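Notes for the one structure printed next.
Residue numbers (our numbering): 316 to 448.
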């Protein structure tokens, strides 16, 4: 079972893909957040044989929705409708900052953040409580 992880941003969207067993997340690509985003993500799901989608649920530190929460919800709903795949939220706080701390400022930083989000989801799913920080 393969998973797609998404780190949504207003300019760039990071993606990560799991291994075939759905245990390890790998950074995949950074996409432009433009009018082609949904089509690109749907095509990625088909090309990679994705079974489920995981989107980082970005919130304020208080737990309240933040300014991009409505955009994330819209993307989640559109992807669920167009792919017919189970689509989940995974809480994410500072995933981009975590990725930058590990790797420095690199071009695929948003893809690495998506891998952190996806790995957190996979660890919970498989009963692992590892912290990736």
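Glycine included, each C-beta is placed from N, C-alpha and C at the ideal position. The model shown is predicted, which means the values in this text are computed figures rather than measured ones.
Assignment of residue 401 by DSSP, reduced to helix, strand and coil, places it in the coil class. The continuous stretches of alpha helix (DSSP H) do not include residue 319, which lies in the beta strand (DSSP E) extending over residues 317-322. Take residue 325, set aside five residues on each side of it, and the residues of its chain with a beta-carbon closer than 8 Å to its own are 348, 383, 386, in chain order.
One thing to note: residue 319 has its Cβ within 7 Å of the Cβ of residue 332. The three-state secondary structure of residue 432, taken from DSSP, is helix. With respect to the C-alpha of residue 398, the residue from 342, 431, 389, 367 having the closest C-alpha is 367.
Residue pairing of residue 327 in beta bridges, as defined by DSSP: 347.
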